[in-house]
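Written out below as structure tokens is the structure these notes cover.
2 protein chains.
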Amino acid sequence: MTTLYGYFRSSAAYRVRIALNLKGLSYDQVPVNLVKGEQHGDANRARNPQGLVPSLVVEDGQVLNQSLAICEYLNEKHPEKPLLPADAEGRVRVRSLAQIVACEIHPLNNLRVLKYLVGEMNATEEAKLAWYRHWIAEGFTALEAMLSREAGSGDFCHGDTPTLADLCLVPQVYNAERFECDLTPYPRIQEIATNCRALPAFAQAAPEAQTDAPQ
Amino acid sequence: MTTLYGYFRSSAAYRVRIALNLKGLSYDQVPVNLVKGEQHGDANRARNPQGLVPSLVVEDGQVLNQSLAICEYLNEKHPEKPLLPADAEGRVRVRSLAQIVACEIHPLNNLRVLKYLVGEMNATEEAKLAWYRHWIAEGFTALEAMLSREAGSGDFCHGDTPTLADLCLVPQVYNAERFECDLTPYPRIQEIATNCRALPAFAQAAPEAQTDAPQ
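Residue numbers (the working numbering), protein chains in the order written: chain R, 53 to 267; chain L, 53 to 267.
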């Protein structure tokens, strides 16, 4: 059995849920409560030495960490409904869009980072929010430009089927909404997110649809 | 001709230089001076809407952004001397090690982030340094554990040839040294970095070997 150790609100776990759903794979979910600090416990550190989520334990027992690496693995093991285009030129574009979120926006707004800002650097709530919104605006401005002007875009980030880029984008849009970022400057991002969310694979992966979400 | 727009000290450009060298590809380099702010100019933003480096312009004119996406592209187009193992289990491990650096350490210590901490949040030089070293220690502690205990490790992060993981690790070690982080808790990381640096592909990619480095 495939088991996902995650948390309903973790962007990175959310990406993996979407990938698993798009591939039509069945999996168990075990919540690791980030607010209670369970990610720092021995059980989670044994799976993930960074004390982060998600980890995916696959059928042969291998423990996989890092959401994009996990999604690439799932895509290699289950090539149907590909998460990457068939051509190298398309793949580099999709990975690049995904990495704008995964390497430039999300790492800065992670829970552990916000905690450090408040706990170690005495950031006010206002400064923390400004930080959060700043990095989303920086990344989304670039993404919006690329999604608007580049020929590769379609109903989704790349063409008319969801890819690795979409499964990074949608959780980031969720975070932006949660922190009340103004999304009006990003009509293409909003449009693509709407198209994604209309698919069951995305809807069923949403934080509010998870069993560890507050009712 | 392939042209790399980068900066001698940019970790992400350094990764791409290593990849190009390992593949034995020839390329021109055009420096984008990050200290002078050239990354925010129109010329760079036309290539890279985020105002970052590196960008790689390949022979057909396509502009590639995001260092890991670029390295995957180079690896696909030039399969000899592979940067990823042949098995999916190995590939997910290598990508995961690479992403610990690229998604969890480096994004937090980027120049634009340090500038924000000082300029917008009034961080002192001491607080900035503590921040820098904190995220390296967090990531390197996890990496050291994985590189020590996991069977996949060898002379390099994975086995006995350099992979995507090594070309993320070495620039991060360079940054750690530059900011005088204590590396004694990480003997495996140091050993692997030493093995990498003994290879011409790594040595020739080092910041101090670039034409835009101060003499």
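C-beta atoms are modelled at their ideal positions from N, C-alpha and C, and glycine is treated no differently.
No experiment lies behind these values; they were computed from the predicted model shown.
Checklist entry - From Thr193/L, Ser119/L, Ala179/L and Asn85/L, pick the residue whose C-alpha is nearest to that of valine 68/L; which is it? => result Ser119/L
Next on the checklist: According to DSSP, is serine 107/L part of a helix, a strand, or is it coil?
Outcome noted: Residue state, collapsed to three classes: strand.
Next on the checklist: So, with DSSP's three-state summary, where would you put glycine 58/L?
Outcome noted: strand
Item to check | the stretch 80 to 95 of chain R contacting the stretch 135 to 145 of chain R, beta-carbon criterion three pairs below 8 Å | outcome: no
Next on the checklist: Taking the alpha carbon of proline 223/R as the reference point, which residue from Val146/R, Asp94/R, Leu160/R and Val153/R has its own alpha carbon closest?
Outcome noted: Val153/R
Checklist entry - Any chance the stretch 100 to 118 of chain R sits against the stretch 53 to 66 of chain R, with 3 or more Cβ pairs inside 8 Å? => result yes
Item to check | is_contact[alanine 197/R, chain L] using C-beta, thresh 7 Å | outcome: yes
Item to check | Exposed unless 16 or more other CB atoms sit within 10 angstroms - verdict on proline 101/R | outcome: Classification for proline 101/R: buried.
Checklist entry - Going along the chain, which residues of the stretch 136 to 153 of chain L sit with their C-beta nearer than 9 Å to a C-beta in chain R? => result Ala140, Glu141, Arg143, Val144, Arg145, Val146, Arg147, Ser148, Leu149, Ala150, Gln151 and Ile152
Checklist entry - On the three-pair Cβ rule with 8 Å, is the stretch 188 to 198 of chain L touching the stretch 218 to 235 of chain L? => result yes
Checklist entry - DSSP on aspartate 264/R, reduced to helix/strand/coil? => result coil
Checklist entry - Name the chain R residues that come within less than 8 Å of glutamate 177/L, Cβ to Cβ? => result Under the 8 Å cutoff, chain R gives no residues; its nearest Cβ is about 13 Å from glutamate 177/L.
Checklist entry - Can arginine 240/R and leucine 181/R be called in contact, C-beta distance under 7 Å? => result Between arginine 240/R and leucine 181/R, the CB-CB gap reaches or exceeds 7 Å.
Next on the checklist: Using a 10 Å radius around the Cβ and a threshold of 16 neighbouring Cβ atoms, would you call threonine 176/R buried or exposed?
Outcome noted: Classification for threonine 176/R: exposed.
Next on the checklist: What would DSSP say about glutamine 81/R, mapped onto helix, strand or coil?
Outcome noted: strand
Checklist entry - Which of helix, strand or coil does DSSP assign to valine 115/R? => result strand
Next on the checklist: Taking the beta carbon of proline 63/R as the centre, do at least 16 other beta carbons fall within 10 Å, making it buried, or is it exposed?
Outcome noted: According to the sequence provided, residue 63/R is serine. The question's proline does not apply to it. Buried.
Checklist entry - Do you know offhand how far serine 148/R's Cα is from cysteine 248/L's? => result 26 Å
Item to check | Per-residue burial, glycine 92/L [other beta carbons within 10 Å of its own, 16 or more giving buried] | outcome: The amino acid at residue 92/L is misidentified as glycine; the sequence shows histidine. Burial call: exposed.
Next on the checklist: Is cysteine 155/L close to chain R? Criterion is C-beta to C-beta, closer than 7 Å.
Outcome noted: yes
Checklist entry - Taking 7 Å as the CB-CB limit, is proline 159/L close to chain R? => result yes
Next on the checklist: For threonine 193/R, tell me which candidate among Thr246/R, Gly76/R and Leu221/R has the shortest Cα-Cα distance.
Outcome noted: Leu221/R
Checklist entry - In terms of residue numbering, what span does the alpha helix (DSSP H) encompassing threonine 246/L cover? => result 239 to 249
Item to check | Min CB distance asparagine 227/L to chain R below 7 Å | outcome: no
Item to check | Alpha carbon of proline 237/R to alpha carbon of asparagine 117/L, nearest angstrom | outcome: 23 Å
Checklist entry - Taking Cβ-Cβ distances shorter than 8 Å, what residues in chain L pair up with glutamine 102/R? => result Ile152, Glu156, Glu190, Gly191 and Ala194
Item to check | Residues that glutamate 128/L contacts on chain R, provided the C-beta gap is smaller than 9 Å | outcome: Ala140, Arg143 and Val144
Next on the checklist: Using a Cβ-Cβ cutoff of 8 Å, what residues of the stretch 201 to 229 of chain R are near chain L? List them in chain order.
Outcome noted: none
Next on the checklist: Quick check on this structure: which residue in Ile122/L, Val146/L, Val105/L and Pro131/L has the alpha carbon closest to the alpha carbon of tyrosine 125/R?
Outcome noted: Val146/L
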